[in-house]
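Visitor: Quick note, the sequence shown lines up with residues 0 to 293 if you use numbering that gives the first Met the number 0. Glycine is no exception: its CB is placed at the ideal position from the N, C-alpha and C atoms. Keep in mind it's a predicted model, so treat the numbers as computed, not measured.
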Amino acid sequence: MLKLNSDSPGTTTLQHLATQQATIDALPVGQRPAMAETLWDAKNNIGSGGKTAFAEIKQTLLEMCVGTELCNYCESNEASDIEHIYPKSFFPERAFTWLNYLLACKTCNTHYKLDKFAVFTPALSANATTMQRKKVPTSTDAAFIDPRVEDPLVFLALNFTNQSFFLEPCPNLTDPRDIAKATHTLNVLQIGKRAALAAARKAAFRFFQSRLERYRDVRDSTTLADLERLVEDPDLVDTANTFAAEQQQMLTALQQSILSHAHPTVWREMQRQRLSLPKTNTLFAAVPEALAWQ
Ligand SMILES: [Zn+2]
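#1: Where are the beta strand (DSSP E) runs, 3 residues long or more, that stay fully inside the stretch 155-208, in chain order?
#2: Measuring alpha carbon to alpha carbon, tell me which residue in I81, Q247, C64 and F143 is nearest S75.
#3: Residues in its own chain within less than 8 angstroms of S88 by CB, not counting five upstream and five downstream?
#4: Based on the DSSP output, what are the partners of H83 in its beta bridges?
#5: Would you identify the three-state DSSP class for T221, choosing helix, strand or coil?
#6: Are the Cβ atoms of T264 and L1 separated by less than 7 angstroms?
#7: Tell me the DSSP bridge mates of F119?
#8: Is A103 near ligand 1, with its Cβ less than 6 angstroms from a heavy atom?
#9: Residue range of the alpha helix (DSSP H) that F53 falls in?
#10: Please report the residue range of the alpha helix (DSSP H) in which K278 lies.
#11: Please determine whether the Cβ atom of C64 lies at a distance below 6 angstroms from any heavy atom of ligand 1.
#12: Could you check where the alpha helix (DSSP H) with E77 kicks off and where it finishes?
#13: In this structure, how does DSSP classify L1 when only helix, strand and coil are distinguished?
#14: By Cβ distance below 8 angstroms, which residues in the same chain neighbour L38 in space, the five residues on each side in sequence not counted?
#15: What would DSSP say about A141, mapped onto helix, strand or coil?
#16: When every heavy atom of ligand 1 is checked, does at least one fall within less than 6 angstroms of the C-beta of C169?
#17: Is the closest heavy atom of ligand 3 to the C-beta of N76 under 6 angstroms?
#18: For C104, which of H83, L69 and A117 has the nearest alpha-carbon?
#19: Which of the three DSSP states is assigned to L113 in this structure?
#20: Taking the alpha-carbon positions, what's the S220 to F283 distance?
#21: Where does the unbroken alpha helix (DSSP H) through L290 begin, and where does it stop?
#22: Would the C-beta of Y72 count as close to ligand 1, meaning under 6 angstroms from any of its heavy atoms?
#23: Consult DSSP for L26 and reduce its assignment to one of helix, strand or coil.
#24: Return the Cβ separation of D140 and A122 in integer angstroms, given the expectation that the two are a contact with Cβ distance under 8 angstroms.
#25: I'd like to know if the stretch 204-211 and the stretch 257-277 are in contact, where contact means that at least 3 CB-CB pairs between them fall below 8 angstroms.
#26: Check whether the stretch 183-196 and the stretch 155-172 are in contact - that is, three or more C-beta pairs closer than 8 angstroms.
#27: Which whole-angstrom value describes the C-beta separation of G66 and A261, a residue pair presumed to lie in contact below a C-beta threshold of 8 angstroms?
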């Protein structure tokens with residue numbers, strides 16, 4: 000999980016959100032969750048602007064996704080659902096809040112996260128509690144990483160030991176609140192040790208290594224014949240092109256293939272933890288510019 004780039008829909012859409020939110024906030028506290036649910040279910044049919052506003056919200060969130068429109072939690076599946084980071088059933092005052100949205104896949108949204116969330120009770124303590132459905136939150140101090148405003152890699156780290164590829168609390172955390180936040184986020188989302196995710200991260204690791212090797216070899220080539228030997232299909236090399244132009248085109252394509260691939264957390268962790276990954280470290284030493292690719 001990575002921090003999302005900041006972006007925003009236009010002022011008309013933000014105003015539409017503010018209007019819906021004001022309707023909820025005007026009600027007594029006990030009535031707000033039901034109204035949030037009702038307005039959310041009808042969000043594409045509210046007034047003349049609802050459909051347009053949510054089309055723009057979805058499009059903006061798609062452009063903020065990791066990989067090519069992938070779920071921001073698992074980084075594996077297609078991003079499909081507008082997910083409330085703070086569940087609207089517990090926090091109706093954030094139901095129509097732009098900063099509370101990200102795109103997640105159906106599996107993460109409807110099978111794992113649902114209405115689950117965790118808060119510190121009392122606020123500012125280190126005592127984290129997972130919240131139960133239909134209960135009023137005991138605090139608004141989230142024990143859950145918010146990737147719209149926080150960098151998840153401060154709290155989480157990929158474990159390359161024994162090739163587990165598990166996502167775990169960062170081993171250098173010392174603040175009990177940070178440890179609790181990492182642990183509860185993993186408990187809620189179940190993205191740490193799902194077998195399919197660990198296997199996919201391992202495959203991504205191999206992919207990133209092989210792309211870096213190819214990048215190094217293309218960069219070190221000196222003739223079109225060298226380039227033809229490096230690609231699976233020699234017809235992909237346009238021999239009518241100059242060597243320099245063809246080489247640059249291949250280098251750009253290789254960089255893009257890394258940056259648009261699933262599981263970008265694996266790539267970021269290869270950069271961060273390279274000193275304990277000998278082969279990866281050697282590749283980054285040969286292609287130092289790749290340390291800045293994000
Ligand atoms: Zn997902």
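Guide: If we stick to the structure as given:
#1: Taking only runs of at least 3 residues, the beta strand (DSSP E) segments lying wholly in the stretch 155-208 are 155-158 and 165-168.
#2: Answer by Cα proximity: C64.
#3: For S88, where only same-chain residues beyond five positions count, the Cβ hits under 8 angstroms are P32, A35, E36, D114, R132 and K133.
#4: Paired residue(s): Y100.
#5: For T221, the three-state secondary structure derived from DSSP is coil.
#6: Yes.
#7: DSSP lists A127 as the bridge partner or partners of F119.
#8: For A103, the CB falls within less than 6 angstroms of some heavy atom of ligand 1.
#9: For F53, the enclosing alpha helix (DSSP H) covers residues G49 to M63.
#10: Element bounds for K278: P277 to A285.
#11: Proximity of the beta carbon of C64 to ligand 1 is not indicated: no heavy atom of the ligand is located closer than 6 angstroms.
#12: Element bounds for E77: n/a, residue is neither H nor E.
#13: Shown here, L1 sits in coil according to DSSP, grouped into three states, outside any helix or strand.
#14: By the criterion of a C-beta distance shorter than 8 angstroms, L38 is surrounded in its chain by Q19, T22, I23, I45, A94 and F95, once the five residues flanking it on both sides are discounted.
#15: Assigned with DSSP and collapsed to three states, A141 falls in strand.
#16: No, the beta carbon of C169 sits no closer than 6 angstroms to any heavy atom of ligand 1.
#17: Although ligand 3 was asked about, the structure shown includes only ligand 1 as ligands.
#18: Measuring from the Cα of C104, the nearest candidate turns out to be L69.
#19: Of the three classes helix, strand and coil, the one that applies to L113 here is coil, per DSSP.
#20: About 18 angstroms.
#21: Element bounds for L290: n/a, residue is neither H nor E.
#22: Under cutoff, so the answer is yes.
#23: DSSP, reduced to helix, strand and coil, places L26 outside both helices and strands of the structure shown, so it counts as coil.
#24: With a beta-carbon spacing of about 4 angstroms, D140 and A122 fall inside the 8 angstroms limit used to define contacts.
#25: These segments touch.
#26: Note that the stretch 183-196 touches the stretch 155-172; at least 3 beta-carbon pairs, one per stretch, sit closer than 8 angstroms.
#27: Correct: roughly 5 angstroms between the Cβ atoms.
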